[in-house]
Amino acid sequence: MNEHEGHRKRLRTKLLNSGLSGFLDYEIIELLLTIGIPRKDCKPLAKELIKKFKTVNGVIHADDNDLKQFKGIGETSIFAIKLMREMMIYAQNESLSGLAGDNISVRDVADLAIKEIGFLKKEVFKVYCISTKGFVISSVVSIGAIDASIVHPRELFKIAIENSASSIVVVHNHPSGDITPSDDDILTTRRLAEAGKILSISLDDHIIVSSTGYTSMEKEGYI
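For what it's worth, this note's numbering labels the leading residue of the sequence shown as 177, then goes sequentially.
Written out as structure tokens, the structure is:
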């Protein structure tokens, strides 16, 4: 057993015995990289990734093209990172689906949306359809700059009706990281709220997310 294999074995044993508690951020990424890089020392690369993307979450949600800029990151490594990312999203979505409709909080949806679109470099507008049984389905409504002329209530509520939603939460991201509502955000929120009243499908919230947090339009008083 060479030095690298011994180090990997120690990391894996540590994980099996006590989970990720006690791991440094770069060690978590290092352990993940060993899936795609079987015979090389992953520690220097893991440290570079943490330096660039700041956190484990930042690495896992990094754009594939950004990851490819690092020497040593190949398709298998990107697959491992993307698998981890998608499993996190799937598990959180699954946990939302198990809740009764009244028990699904804004924070629940915001946390999921941050993982799904908070790290993207383009704006994405999504609707989360919630039934009284707790069934949650999310669907992309539009991609690109969000304004009142692009997000059509007709298209959005068609998705809600097709999924038997009793209420909806709409979400979009601000790639700039500034989650302050724009004038278009406010106008879009009010248009959707009015349309929801007519169709008896309530707009519970419009959430703006970034990679670091979210703003609730309902809590800001716009709904």
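Cβ atoms here follow ideal geometry from the backbone N, Cα and C, with glycine treated the same way.
- When beta bridges are read from the DSSP output, Asn349 appears opposite Val385.
- Per DSSP, the beta bridge partners of Ser392 are Ile383.
- Under a 10 Å Cβ-count criterion, Met393 is classified as buried, with 16 or more other Cβ atoms of the shown protein chains found around its own Cβ.
- The three-state reading of DSSP puts Val285 in helix, counting H, G and I together.
- Of Ser352, His350, Glu299 and Tyr266, the smallest CA-CA separation from Ser314 is found for Tyr266.
- Checking the DSSP bridge columns, you'll see Phe301 partnered with Ser318 and His348.
- In this structure, the alpha-carbon of Val285 lies about 21 angstroms from that of Lys373.
- A straight-line Cα-Cα distance of about 14 angstroms links Arg367 and Ser358.
- Taking the Cα of Val347 as reference, the smallest distance to any Cα among Gly198, Ile335, Thr189 and Val316 is reached at Val316.
- In this structure, the beta-carbon distance from Phe246 to Leu221 falls below 9 angstroms.
- Excluding the 5 residues flanking it on each side, Ile362 has same chain C-beta neighbours closer than 6 angstroms at Tyr398, in chain order.
- C-alpha of Ser378 to C-alpha of Tyr304: approximately 12 angstroms in a straight line.
- Taking a cut-off of 8 angstroms for Cβ pairs, the segment 234-245 and the segment 287-307 touch, as three or more such pairs fall below it.
- Non-local C-beta neighbours of Lys223 in its own chain, meaning closer than 6 angstroms and more than five positions away in sequence, comprise Tyr202, ordered along the chain.
- When beta bridges are read from the DSSP output, Ser358 appears opposite no residue.
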